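Structure first, then comments.
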Amino acid sequence: MVQADQLCLETETVSYAILLARFPKGPAADLFGGLSAALRSLKPSLDRCAKALDAPSASLLDPFRDATAFAFPRAVSWMCLHAGPAAAALALRADFAAYARESAELLRTLSDAGIEVPEAFHEHYSLPAPTELLDLAAAVVQERVVEEDGTSCRAASVADVLLAGLDGFWLFAAGDQPVPPAVAADLSIRRG
Numbered sequence: 082m083v084q085a086d087q088l089c090l091e092t093e094t095v096s097y098a099i100l101l102a103r104f105p106k107g108p109a110a111d112l113f114g115g116l117s118a119a120l121r122s123l124k125p126s127l128d129r130c131a132k133a134l135d136a137p138s139a140s141l142l143d144p145f146r147d148a149t150a151f152a153f154p155r156a157v158s159w160m161c162l163h164a165g166p167a168a169a170a171l172a173l174r175a176d177f178a179a180y181a182r183e184s185a186e187l188l189r190t191l192s193d194a195g196i197e198v199p200e201a202f203h204e205h206y207s208l209p210a211p212t213e214l215l216d217l218a219a220a221v222v223q224e225r226v227v228e229e230d231g232t233s234c235r236a237a238s239v240a241d242v243l244l245a246g247l248d249g250f251w252l253f254a255a256g257d258q259p260v261p262p263a264v265a266a267d268l269s270i271r272r273g
């Protein structure tokens with residue numbers, strides 16, 4: 082899980098910077114710049130977590146053998162290049178809300194099972210969802226819907242693609258059997 086998170090953190094900080102470059106004004110710029118900064122600030126915490134667990138470097142992950150670890154980075158990379166501001170904001174809001182919920186559930190499950198984890202792990206994975214940024218994401222979506230006088234199925238499908246990538250992340254974290262990248266991509270496409 083920590084390896085996959087390190088891989089995701091690298092991809093997300095760059096991807097949100099790309100979204101900021103694509104949409105450099107207004108609430109969308111505040112959102113993408115804020116997300117990039119917030120994630121960069123998490124790196125020391127994630128590094129402490131990796132050290133406490135003696136986790137192997139994310140650079141050792143193989144895109145073929147560990148396809149599920151790359152599912153979310155692939156999805157977020159695609160999103161940063163192809164999604165509009167409302168679609169990206171909706172997808173990111175869904176991602177952060179789901180990730181925080183699942184991380185809290187993981188910590189509860191570990192605690193209920195009596196499994197001890199290093200304090201660095203507990204601290205990192207008990208961080209709350211960034212509510213100010215989630216609220217800003219909702220504002221970006223609402224602003225765009227009002228501007229475009231309607232809603233977009235594309236925004237929902239981009240969120241589905243990102244959540245399918247997050248499913249891959251959790252499969253890898255759970256230690257499920259890795260699948261070849263073509264299969265992982267096919268699963269993402271069918272969900273989105």
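Numbering-wise (this note's numbering), the sequence shown opens with residue 82 and increments by one. Ideal placement from N, C-alpha and C gives every residue a C-beta, glycine not left out. As the structure is a computational prediction, the values presented were derived from the model and not from experiment.
- Item | Contact belief for Leu88 with Ala150 at Cβ below 8 Å, rounded distance in angstroms | Taking the sequence shown and counting its residues from 1, the one referred to as residue 88 is at position 7. Taking the sequence shown and counting its residues from 1, the one referred to as residue 150 is at position 69. About 6 Å; that satisfies the 8 Å criterion.
- Query: According to DSSP, is Ile96 helix, strand or coil?
  - Reply: Indexing the sequence shown from 1 puts residue 96 at position 15. It is worth fixing the name first, because residue 96 is Ser in this sequence and not Ile. In this structure, Ser96 counts as helix in the three-state DSSP scheme.
- Task: Within 10 angstroms of the Cβ of Glu93, are there 16 or more other Cβ atoms? Answer buried if so, exposed if not.
- Result: Here the question's residue 93 lines up with position 12 in the sequence shown. It counts as buried.
- Which ranges does the alpha helix (DSSP H) cover as unbroken runs of at least 4 residues, wholly within the segment 144-197, from first to last along the chain? 152-163, 166-193
- Pairing CB atoms from the segment 208-221 with CB atoms from the segment 168-180, are three or more of them under 8 Å? yes
- Specify the secondary structure class of Leu57 as computed by DSSP and reduced to three states. Look at the range of the chain in this structure, 82 to 273, and you will see that residue 57 is not part of it.
- Nearest-angstrom Cα separation, counted from Arg235 out to Lys124: Translated into positions along the sequence shown, residue 124 becomes position 43. Translated into positions along the sequence shown, residue 235 becomes position 154. Cα to Cα, the separation comes out at about 32 Å.
- Message: For the alpha helix (DSSP H) containing Pro125, name the first residue and the last one.
- Response: In the sequence shown, residue 125 corresponds to position 44, counting from 1. Element bounds for Pro125: 107-134.
- Message: Could you compute how far the alpha carbon of Leu208 sits from the alpha carbon of Asp193?
- Response: Position 127 of the sequence shown holds residue 208. Position 112 of the sequence shown holds residue 193. Between Leu208 and Asp193, the C-alpha separation is close to 19 Å.
- Straight-line CA distance for Ala178 to Leu215? In the sequence shown, counting from the first residue as 1, residue 178 sits at position 97. In the sequence shown, counting from the first residue as 1, residue 215 sits at position 134. In a straight line, the C-alpha of Ala178 is about 8 Å away from that of Leu215.
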